[in-house]
Each structure stands twice: as structure tokens, then as C-alpha cells.
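Top line first, the protein sequences correspond to chains A and B. All residue numbers for the first sequence refer to this note's numbering, where the first residue is 51 and numbers rise by one. All residue numbers for the second sequence refer to this note's numbering, where the first residue is 98 and numbers rise by one.
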Amino acid sequence: MKRPHGLAAVISILLVVVFGSNPSQAAPTPRPASVPVGSITVSAAASLTDVLPVIADAFVKKYPGTSVKFNFAGSSALVQQIIAGAPVDVLATASEPTMRTAVTAGSVGAPLLFARNSMAIATPPGNPAKIAGPWSLSRDGVLVAQCVIAVPCGTAARDLLAKNGVTVRPVTLELDVRAVLAKVMAGEVDAGIVYVTDVRAVGSKVVSVAIPSERNVMTSYPVAAVRDSANPIAAQAFVNYLRYTPSAQGILRAYGFAKPW
Amino acid sequence: MSSSARPRAPWFLVVLALLALALLIAPLVALLTRAPWGSFAEILTSPVARDALRLSVITATAATALATVLGVPLAWLIARSGLPGTGVARSLVLVPLLIPPVVSGVALLAAFGRRGALGQFLYDHFGFQLPFTTAGVVLAEAFVAMPFLVIAVEGGFRSLNSQFEEAAATLGASSWTTFRRVTLPLVAPALGAGMVLCWARALGEFGATITFAGNFPGVTQTMPLAVYQALESDPSVAIALSLMLIAICVVVLIALRGRIIRPLATA
Numbered sequence: 051m052k053r054p055h056g057l058a059a060v061i062s063i064l065l066v067v068v069f070g071s072n073p074s075q076a077a078p079t080p081r082p083a084s085v086p087v088g089s090i091t092v093s094a095a096a097s098l099t100d101v102l103p104v105i106a107d108a109f110v111k112k113y114p115g116t117s118v119k120f121n122f123a124g125s126s127a128l129v130q131q132i133i134a135g136a137p138v139d140v141l142a143t144a145s146e147p148t149m150r151t152a153v154t155a156g157s158v159g160a161p162l163l164f165a166r167n168s169m170a171i172a173t174p175p176g177n178p179a180k181i182a183g184p185w186s187l188s189r190d191g192v193l194v195a196q197c198v199i200a201v202p203c204g205t206a207a208r209d210l211l212a213k214n215g216v217t218v219r220p221v222t223l224e225l226d227v228r229a230v231l232a233k234v235m236a237g238e239v240d241a242g243i244v245y246v247t248d249v250r251a252v253g254s255k256v257v258s259v260a261i262p263s264e265r266n267v268m269t270s271y272p273v274a275a276v277r278d279s280a281n282p283i284a285a286q287a288f289v290n291y292l293r294y295t296p297s298a299q300g301i302l303r304a305y306g307f308a309k310p311w
Numbered sequence: 098m099s100s101s102a103r104p105r106a107p108w109f110l111v112v113l114a115l116l117a118l119a120l121l122i123a124p125l126v127a128l129l130t131r132a133p134w135g136s137f138a139e140i141l142t143s144p145v146a147r148d149a150l151r152l153s154v155i156t157a158t159a160a161t162a163l164a165t166v167l168g169v170p171l172a173w174l175i176a177r178s179g180l181p182g183t184g185v186a187r188s189l190v191l192v193p194l195l196i197p198p199v200v201s202g203v204a205l206l207a208a209f210g211r212r213g214a215l216g217q218f219l220y221d222h223f224g225f226q227l228p229f230t231t232a233g234v235v236l237a238e239a240f241v242a243m244p245f246l247v248i249a250v251e252g253g254f255r256s257l258n259s260q261f262e263e264a265a266a267t268l269g270a271s272s273w274t275t276f277r278r279v280t281l282p283l284v285a286p287a288l289g290a291g292m293v294l295c296w297a298r299a300l301g302e303f304g305a306t307i308t309f310a311g312n313f314p315g316v317t318q319t320m321p322l323a324v325y326q327a328l329e330s331d332p333s334v335a336i337a338l339s340l341m342l343i344a345i346c347v348v349v350l351i352a353l354r355g356r357i358i359r360p361l362a363t364a
């Protein structure tokens, strides 16, 4: 007699716990299923290293109970990681072709463009090699670093040089744009082809040689939720936040990114 | 009788040992299952792969030569010279072995970069810059791989029976002749083992190379850098190149088995 009684007590406690215990959860809230909570991991292009954590802080403030972790690298490396099953919730790349690879592989949902960027030439402080524009890069003895073609900053650098009719033999092809910037800051190269936002991010550690817009190239930043995300609600919320909120777009402008439209 | 005298291996030790073996072997087997066998020859004869392989073999060999010329005297100094401070020197030799290679690259930049302590002198007076050159790759590889050689050769020197050297000296040989004709041949097996380890480590060097020497096909892009870069655009190429590197290591190990590696174990 004792045993069934105990069992019934346990069951009734469970029933209370599951269905009736917490009045605040039971209360009707607007679209409770879509309130983002929990942690997400965002794989993002190296050129987003400075701006995205600031946007993530604003996102977390808007949705208490969320947290955002980052994985920064060259876009194509991020895409390969996700295709290989990396536990990531959001993918933000620095070009549409790299995102297309992830879409084609069925790894991510529909992407949204959230920002654009253009190129600049970074030189060590004082611009020792007197770089004045893309044409200076082909001069003899000028050491140039750029990204490898597989990553967006490399494609953009190639397009930039082609648009200006300049042939450059770089001394190193780095795997992401921040590695190019690092070689410039170390003073090991005379110039690096990077995004305008990168030179802005590191301030006086480099000199920026601006490229007029008619001689420059633009690259677009798409963002998408990862299909296998363990937290699809928060992932999609972050994607939408990045693209649609004035707060996120304002931060992007402040870091030098252009409007996506 | 003999089997009862031998204690039975505790089963959990066997299980853990097999797990350890699986941990070491499984990833390599998995790599084989992913290999693009159909396009293997095509990938390995592509210009990128050929350049990287050629550069890797040249730089690893040059780095081993550099490490031998400098490392053997250092090993002798530590093991035999009896000078004060050799214990400290021995510990310092181990440092490049233990620090992350990317840190080695940063340190090399600080010393030999264009703005580095020594590098600036080289650049200002000779217009010579090590980063982004094949010589820079050799330096990075030697920095990371030389400790393997020094430690192996030092072990050889230490276990040497000094009677042979004393006999040579008694017979009137100069100290240099004794070193060259008696001491060196005696440590040859240890030297061989050290050179093989050094060469294999140099061949696989990645972090210090990409940090210090950069990445450019035919100049500084060695096999590991080519693997890393290919992984971002075409993983099957990365796998093919990886298998190539593994095959080289296995061939070297098999070719030298018993002749060089085994004396190291007994040294």
C-alpha cells in the first residue's frame, strides 16, 4: 500500500512541476516561442572582428538571457568548418560567393545582406615607401601583403588591382585580412590591401591610403542562420537584428561599414 | 611454466593502451577514407602541390644542414665540455621545443624582422630581409627543429665511452682530430636519428613559418601551408596533400628502421 501511494505523490509532484508550477511562464506572452534565450555561436569574417562584439552586446541587452560567442577567421575557412559540422548557429561572411558555397551545401538558411565594405591600402606609420595609390604597389622593391584569392579580401584585392590596371607581385598571401594588417603593423611589408574598416579599427598603428570610389571595389556581407543550429530561434533573431535594427546598422556605420542597400 | 610465471596484464591497462592506439591511428585511417583517390595523381602533380613539395624538401634539408652544423657543437658543449652553465644551456635548448610554433614566429619577427633587433641591422646595412624569403623559411624551421637534433646528439655524446678518445689523445692525435676521427663516428647513430627527427619536424613546420615567413607559392608556401590554404577552398586537395606528407614520414621511418632509430632507443 505504501508504494503506490509514494508513486502517486511523485507523479503529482511531477505534474505540478511540468504544468502548473510557474505562473509567470504560464501567463500568455506574445509569441513565447520566438523569444530568443540561451547562447549562440557566430562564425564571422575576420573583418568583422571589432564591430560584431559591440553589436552582440546591444543584442544581449535587448534579449536578456542570451549570450553570443564568436569564431573569427577567413570566410572560406568558416564555410568549410560549418559544412564539416562545426557547432555554429550563425554565419556572417565577407562576400556573397563564400556564402553561396554554404547555401549550396544546404548548411545555412536564406542569407540577408547586412553591410558593404570597400578597400583601402594600409601602410606602416609614416608610409615609408610613399604609397600614394594602387599604382604605387607595382613599383620595384615595394613589399605588398594581400589575402589569398580563396578568401573575400583576396578576391576584392585582385578585382581592385585589375580595375586599376596594376600588376602586383605580393610577397605574401595571408589567409585572412587581419593577418595582412598584422604584417603591416609589424612593419614587415610596405603596404597591405585591406578593407577600409580595418584601417579604421586599428587607428594610428597604420596609415590609410584612401582609394577614390570610382577606382575602388565593393564587397557585400551576407548573414544566415545555420540549419543545424541547436538554438534556431536565437540564431534567426541575431540575423534579423543585424540586418533590420537601427541599433545594429548604426554601429556598423560607426565602424565604417556602408549600408547594405 | 613460463606462462604461469608471467603476471597477466591488468585488463584495464590493455583497454587504455588500445584506446591510446586508436586515438593515434583512427584520424589517419579516417583521412584515408576521405581521400580523393580518383583525382589523386592530378592533385599531386598540380603546380601548387609540386611547388610546395619541392620547397618543403629543400627547406627541410637546408634547415637540417644548418641545425647539424650548429647543433652538433652545441650538443658536444652541453654533454662533454664540462663548462659551467651547460645545464642551463640544455634547458634553454628545450624552449623552442615546448613553446607554440606561432610564438616562435613572433619571436623570430622580433629578432630578424625588418624592424627586429638584428633584422633592422641586416636591412639597413645590406638591404636584406628574411621574412617572405625562402631563407626565412629555413631559419624558422631550424629554430623549431634544431632542439630535436641537439637532444638526440647530446644523448649520444653523453653515453660515449671516453676511453677511445683518451687512447687517441695518448697516441698523439690533436683534440680536433680526436673529435673528427673518433668522437663523431661513435655518435653517428645518434646523429643520424637526430637528423631524421629534425628533418621530419622541419618538414611539418607550420606556425613559425606562416608567422615569420608568410605564405607565397614557390617562395615560402611549404606543404603544411598549402594544406591549410587548400582546406579553405578545396578540402579534397588538402587531404591529398596531407596523405602525401604522411606517406613521406612513413617512408622515412621504414627506410631508417633498425639502422638509425633503434640505436637511439638503446643510446
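The beta-carbon is built from N, C-alpha and C at its ideal position, and this holds for glycine as well.
query = Any Cβ of chain B within less than 8 angstroms of the Cβ of arginine 53 (chain A)?
reply = For arginine 53 (chain A), the pLDDT reaches just 47, beneath the cut-off of 50, and the residue's location in the model is therefore unreliable, leaving the point undetermined.
ask   = Which whole-angstrom value is the C-beta distance of valine 218 (chain A) and valine 194 (chain A), which I expect to be below 8 angstroms?
value = Contact flag correct, Cβ pair sits at about 5 angstroms.
request  = In the DSSP assignment, find the unbroken beta strand (DSSP E) run with glutamate 262 (chain B) in it and report its ends.
outcome  = First-last for glutamate 262 (chain B): 260 to 267, but that is the alpha helix (DSSP H), not the beta strand (DSSP E).
inquiry  = Can you give me the C-alpha to C-alpha distance between methionine 292 (chain B) and threonine 161 (chain B), rounded to a whole angstrom?
reply    = For methionine 292 (chain B) and threonine 161 (chain B), the distance between alpha carbons rounds to 6 angstroms.
ask   = Rounded to a whole number of angstroms, what is the C-alpha to C-alpha distance between alanine 241 (chain A) and threonine 247 (chain A)?
value = The alpha-carbon atoms of alanine 241 (chain A) and threonine 247 (chain A) are separated by roughly 16 angstroms.
Endpoints, beta strand (DSSP E) assigned at proline 272 (chain A) = Run containing proline 272 (chain A): 268 to 275, per the beta strand (DSSP E) assignment.
ask   = For valine 154 (chain B), which option in B:Thr275, B:Leu195, B:Leu300, B:Val347 has the closest C-alpha, if you only look at C-alpha atoms?
value = With distances taken between Cα atoms, valine 154 (chain B) lies closest to B:Leu300.
request  = Run the CB neighbour count on lysine 119 (chain A), radius 10 Å, all protein chains shown included, and call it buried at 16 or more, exposed below.
outcome  = With fewer than 16 other Cβ atoms within 10 Å, it is exposed.
query = Nearest CA to the CA of valine 101 (chain A): which residue from A:Glu264, A:Pro161, A:Asn167?
reply = Nearest Cα to valine 101 (chain A) within the set A:Glu264, A:Pro161, A:Asn167: A:Asn167.
request  = Whole angstroms is fine: what's the gap from glutamate 251 (chain B)'s alpha carbon to alanine 123 (chain B)'s?
outcome  = Taking C-alpha positions only, glutamate 251 (chain B) is separated from alanine 123 (chain B) by approximately 34 angstroms.
inquiry  = Within 10 Å of its beta-carbon, does threonine 154 (chain A) have 16 or more other beta-carbons around it, so buried, or fewer, so exposed?
reply    = Counting other Cβ atoms within 10 Å of its Cβ, threonine 154 (chain A) stays below 16 and is therefore classed as exposed.
ask   = Should asparagine 72 (chain A) be flagged as near chain B, meaning a C-beta pair shorter than 8 angstroms?
value = Caution is warranted here: a pLDDT of 44 is assigned to asparagine 72 (chain A), below 50, making its placement in the model unreliable, and no coordinate value can be reported.
query = Quick one: does glutamate 229 (chain B) have its CB under 8 angstroms from some CB of chain A?
reply = Sequence inspection shows phenylalanine at residue 229 (chain B); the glutamate mentioned does not correspond to that position. Phenylalanine 229 (chain B) counts as touching chain A.
query = serine 272 (chain B) lies in the beta strand (DSSP E); which residues open and close that run?
reply = It is not in any beta strand (DSSP E) - serine 272 (chain B) instead sits in the alpha helix (DSSP H) that spans 272 to 275.
request  = Along the alpha helix (DSSP H) that carries glutamate 224 (chain A), what are the first and last residues, could you check?
outcome  = Unbroken run through glutamate 224 (chain A) is the beta strand (DSSP E), 222 to 224; no alpha helix (DSSP H).
key: Within chain A, partners of arginine 147 (chain B) - CB distance below 7 angstroms   = Within chain A, no residue comes near arginine 147 (chain B); the closest Cβ sits about 18 angstroms away, beyond 7 angstroms.
ask   = Between alanine 127 (chain A) and chain B, is there a C-beta pair that is closer than 8 angstroms?
value = Judged by the 8 angstroms Cβ criterion, alanine 127 (chain A) is in contact with chain B.
request  = Using the DSSP secondary-structure output, state which residues sit across from glycine 242 (chain A) in a beta bridge.
outcome  = Partner(s): A:Ala172, A:Ala195.
Min CB distance glutamine 286 (chain A) to chain B below 8 angstroms = Taking Cβ atoms only, chain B never reaches closer than 8 angstroms to glutamine 286 (chain A), which makes this a no.
ask   = Residues of chain B with CB under 9 angstroms from glutamate 146 (chain A), in chain order?
value = Going along chain B, no residue has its Cβ under 9 angstroms from glutamate 146 (chain A), so there is no contact; the nearest lies around 16 angstroms.
message = Quick check: is the beta carbon of leucine 211 (chain A) nearer than 8 angstroms to any beta carbon in chain B?
response = Taking Cβ atoms only, chain B never reaches closer than 8 angstroms to leucine 211 (chain A), which makes this a no.
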